[in-house]
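S.K.:
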Amino acid sequence: MVEFLNKTIESIRKCENIKVAVLFGSYARLLKGTGDTPDQYSDIDVQLLVTKPQYFKDSSWLASLFATEVISASYRSVFGGARKAVIMFDGGSIDAVILPYRLLYIAKLLHRAHAYRWSKKFQTRMENFSDLMRFDHVVIKGNADWEKFYKEAGTLGKRLKLNTPEILKMSAVVCEETHAILGRIERGELIAAQRLLHQEIVEVNIKLLHELRERSGLKTYHRGRRAEFTLRPEELALISVNASCNRLELKTAAIAMLKANATLVRELTGTAPKWASSNFFTSLKHDM
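For the sequence shown, the positions run 0 to 287 when numbering that gives the first Met the number 0 is used.
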């Protein structure tokens, strides 16, 4: 895997169309000596600033950039006009976010001019950009000015991402979905119930716990990443489900996650969600 990383960096540095490249994740920690060695499933996470974005809209650029057989490649649009490419090779995989060089060059100039003071839109975009930058990263192509920009960008993220109305709205959805899950369990639709439990309720709890740790200044990762290594046992219990397609196990897990949601909402807003005093929730508490 290290050999594949070195070949990837070498190919990127030779490509004239790529002006700046930044490595993230486990391979960035490897280069910095700040984390565990990547395993066979670790992607090479990289951001590429390119002069001709249209050149990267399909797989034709891969043959010229990487002298390795491509197993699969997929593309999708992401935030801020960027494109995300996930490419699998025989020797590893690359998760690349491709951005127009000009767009980030302008952002760098606006950052230097402290545009946050007069542009709320720019402030919001840079705060979102900062969520990625504040984790371990290494500039593998680009001058010292770019290294400074990426380093400073990592300090811009505000701690408060969700406000109280947003949190309460998310919690209301959890209550509604719990009711739907219990109905599916009662009717014997256990796979559908299991899907809702993970997709809706656990997902919301993961987002709220991430917000809580952000506000507390604790290390935290999106989408439950590295939870087993960063969370305390009592925090893990707020987002962990261990239930097979069994009526009792699914019902127990759904009620536990609803109770966990109430705990998270109380910690974040200082008050319990409205549904926590309802007859619906009170009746469920007796089943816990």
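C-beta: ideal position from N, C-alpha, C; glycine also.
Remember, predicted model here, so these are calculated numbers, not experimental data.
State buried or exposed for Y40, treating a residue as buried only when at least 16 other CB atoms are found within 10 Å of its CB.
M.R.: Numbered from 1 along the sequence shown, position 41 holds the residue referred to as residue 40. Looking at its Cβ environment, which holds fewer than 16 other Cβ atoms inside 10 Å, Y40 is exposed.
S.K.: Helix, strand or coil for W274 per DSSP?
M.R.: Locating residue 274 in the sequence shown gives position 275, where the first residue counts as 1. Note: W274 maps to helix in three-state DSSP.
S.K.: Between K83, G91, A81, L48, which has its C-alpha nearest V69's C-alpha?
M.R.: If you number the sequence shown from 1, residue 69 lands on position 70. Nearest option by C-alpha distance: G91.
S.K.: Along the chain, which unbroken stretches of the beta strand (DSSP E) at least 3 residues long are found entirely within the segment 106-181?
M.R.: For the segment 106-181, whole beta strand (DSSP E) runs of length 3 or above, ordered along the chain, are 136-140.
S.K.: Does DSSP put R222 in a helix, in a strand, or in coil?
M.R.: Against the sequence shown, residue 222 aligns to sequence position 223. The answer is helix: DSSP assigns R222 an H, G or I state.
S.K.: If you compare alpha carbons, which of T268, L257, S59 is closest to W274?
M.R.: Here residue 274 refers to the residue found at position 275 of the sequence shown. The option with the nearest alpha carbon to W274 is L257.
S.K.: Taking just the CA atoms, how far does G153 sit from D135?
M.R.: Position 136 of the sequence shown, counted from the first residue, corresponds to residue 135. Position 154 of the sequence shown, counted from the first residue, corresponds to residue 153. About 9 Å.
S.K.: With 16 as the cutoff for other CB atoms within 10 Å, does A259 come out buried or exposed?
M.R.: Within the sequence shown, numbered from 1, the residue matching residue 259 stands at position 260. Counting Cβ neighbours within 10 Å, A259 comes out buried, since at least 16 surround it.
S.K.: Measuring CA to CA, which of V19, S276, N5 is closest to A143?
M.R.: Working through the sequence shown from its first residue, we reach residue 143 at position 144. The shortest C-alpha separation from A143 is found at V19.
S.K.: Could you tell me if S59 is buried or exposed, where buried requires 16 or more neighbouring beta carbons within 10 angstroms of its beta carbon?
M.R.: For the purposes of this step, residue 59 is taken as residue 60 along the sequence shown, with counting starting at 1. By the neighbour-count rule (16 or more Cβ atoms within 10 Å), S59 is not buried but exposed.
S.K.: What does a CB cutoff of less than 8 Å around A252 pick up in its chain, not counting 5 residues either side in sequence?
M.R.: Here residue 252 refers to the residue found at position 253 of the sequence shown. The answer, listed in chain order, is L196, V240, N241, A242.
S.K.: Which residues in the same chain have their Cβ closer than 8 Å to the Cβ of A179, if we skip the five residues on either side of it in sequence?
M.R.: For the purposes of this step, residue 179 is taken as residue 180 along the sequence shown, with counting starting at 1. The answer, listed in chain order, is L195.
S.K.: Could you tell me the distance, in whole angstroms, from the CA atom of R158 to the CA atom of L207?
M.R.: Reading the sequence shown from its first residue, position 159 is the one you call residue 158. Reading the sequence shown from its first residue, position 208 is the one you call residue 207. Any reading at R158 needs caution, since the residue's pLDDT is 47, under 50, leaving its predicted position unreliable; the model's value is listed next. In a straight line, the C-alpha of R158 is about 13 Å away from that of L207.
S.K.: At the 8 Å Cβ level, is S58 part of the contact set with chain B, yes or no?
M.R.: The structure shown contains no chain B, having only a single protein chain.
S.K.: Rounded to a whole number of angstroms, what is the C-alpha to C-alpha distance between L217 and V1?
M.R.: Stepping through the sequence shown from its first residue, residue 217 is reached at position 218. Stepping through the sequence shown from its first residue, residue 1 is reached at position 2. So the alpha carbons of these two residues sit roughly 30 Å apart.
S.K.: Is it true that the CB of E210 sits closer than 8 Å to the CB of L161?
M.R.: Here residue 161 refers to the residue found at position 162 when the sequence shown is read from its first residue. Here residue 210 refers to the residue found at position 211 when the sequence shown is read from its first residue. In contact: L161 and E210 (Cβ atoms closer than 8 Å).
S.K.: Compare the C-alpha of P99 against each of Y115, M87, S76 and name the closest.
M.R.: Here residue 99 is taken as the residue at index 100 of the sequence shown, counted from 1. Per the Cα distances, S76.
S.K.: Within the same chain, show all residues whose beta-carbon is closer than 6 Å to that of V85, passing over the 5 residues directly before and after it, in chain order.
M.R.: Taking the sequence shown and counting its residues from 1, the one referred to as residue 85 is at position 86. The answer, listed in chain order, is S73, D94.
S.K.: Just tell me which of L263, Y220, R246 has its CA closest to the CA of E233.
M.R.: For this step, residue 233 is matched to residue 234 along the sequence shown. Nearest C-alpha to E233: L263.
S.K.: For M169, which option in F280, A192, A261 has the closest C-alpha, if you only look at C-alpha atoms?
M.R.: Position 170 of the sequence shown holds residue 169. The shortest Cα separation from M169 among F280, A192, A261 belongs to A261.
S.K.: With 16 as the cutoff for other CB atoms within 10 Å, does S71 come out buried or exposed?
M.R.: Locating residue 71 in the sequence shown gives position 72, counting from the first residue. The residue in question, S71, is exposed, as its Cβ has fewer than 16 Cβ neighbours within 10 Å.
S.K.: How many angstroms separate the CA atom of F88 from the CA atom of L4?
M.R.: Position 89 of the sequence shown, counted from the start, is the residue given in the question as residue 88. Position 5 of the sequence shown, counted from the start, is the residue given in the question as residue 4. Using only the alpha carbons, I get a separation of about 12 Å.
S.K.: Buried or exposed for R183, going by 16 or more other Cβ atoms inside 10 Å?
M.R.: As a first step, residue 183 must be located in the sequence shown, where it is residue number 184. With 16 or more Cβ atoms within 10 Å of its Cβ, R183 is classed as buried.
S.K.: Buried or exposed for H110, please, with buried defined as at least 16 other CB atoms from any protein chain shown within 10 angstroms of its CB.
M.R.: To locate residue 110, count along the sequence shown from 1; it is residue 111. Buried is the call here.
S.K.: Is the separation between the beta-carbon of I97 and that of P52 shorter than 8 Å?
M.R.: Position 98 of the sequence shown, counted from the start, is the residue given in the question as residue 97. Position 53 of the sequence shown, counted from the start, is the residue given in the question as residue 52. For I97 and P52, yes; Cβs fall inside 8 Å.
S.K.: Spatial neighbours of L267 within its chain, please: C-beta separation below 8 Å, excluding the five flanking residues on both sides.
M.R.: In the sequence shown, counting from the first residue as 1, residue 267 sits at position 268. Taken in chain order, the residues that qualify are L161, T163, I166, L207, E210, L211, R214.
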